[in-house]
Amino acid sequence: MLSAKIFPCVLCVLATCARAQLTSSRLPAQSERIVIATSIVLDGKGGVLHNTRLVVEDSKIVAIDAKTGPVDYDLRGLTVLPGWIDSHVHIAWSFEKDGKNGGPAGTDREAAYQVAANAWATLMAGFTTIQSLGSPADIPLRDAIANASLPGPRILTAVQPLMGQGEKTGTPDEIRAFVRKQKEAGADVIKIFANYSVRRPEMMLSQDQLTRRATRPRNWACAL
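The numbers in numbering that gives the first Met the number 0 rise by one with no breaks, and the one at position 206 of the sequence shown is 205.
This is the structure we're talking about:
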């Protein structure tokens, strides 16, 4: 039995270009209207659309109409679905030259190439949004992608995680100061290590340290 051809990233023109047959001699600018012809569309809500066209403006689907034209990208014969989301990645990490150790490595220039390559590979794998937990290197990468200077997925970053170390972690006030510092640095989420791991379930932060905080960012990503 033939397997279905899955083509993720409806909302990402770069990913579309990788598989689609261009019917135009140039790529449309982001602000232009884009029409995508499709055979099968998974709408992300459990529904399946057949033989229709997607109208995209400013990176958003504004209409679904089989009669809309002319077509900019012909994806008939492929399956189109919304871009995927990965809620836990480390986009700034790469394997070192020995092929074993993961993490930021090499010179600043090498690290810049690595994170840019990671972003491109992630996008081409179909992920249009990721949550990176976290690294200060996420910030310039996130902003470059948002400004269309580099291709990549939308990035939510924790910048630096809060490492639970018992009393050494600090008082609730000191922890709040750490959270505010990350927020000021551009953090979208805060990652906290409340315990060691699933293999060592003992807590590294007290309940008082976890609950008494003056500010709450948009999200807390708790590593367990």
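The beta carbon of each residue, even a glycine, is placed where N, CA and C say it ideally should be.
Note that the structure is predicted; figures quoted are calculated from it, not measured.
Problem - Y112 - containing beta strand (DSSP E), residue span - result: Careful: Y112 lies outside any beta strand (DSSP E), inside the alpha helix (DSSP H) at 107-123.
Handout entry: Backbone CA spacing between E201 and Y195 [nearest angstrom]
Key = 7 angstroms
Exercise for the section: Determine which residues share a DSSP beta bridge with H49 and list them. Expected result: I39
Handout entry: Sufficient close CB pairs (3 or more, under 8 angstroms) joining the segment 45-55 to the segment 63-82
Key = yes
Handout entry: Extent of the continuous beta strand (DSSP E) to which Q181 belongs
Key = Looking at the DSSP string, Q181 is not in any beta strand (DSSP E); the run it does join, the alpha helix (DSSP H), is 171-184.
Problem - C-beta atoms of V178 and L161 nearer than 9 angstroms - result: yes
Practice task
Confirm, please, whether the CB-CB distance from G133 to A110 is below 9 angstroms.
Solution key: no
Practice task
Determine contact between the segment 68-76 and the segment 84-91, defined as no fewer than three beta-carbon pairs at a distance below 8 angstroms.
Solution key: no
Practice task
Apply the 10 Å Cβ neighbour rule to V197 and answer buried if 16 or more other Cβ atoms are within range, or exposed otherwise.
Solution key: exposed
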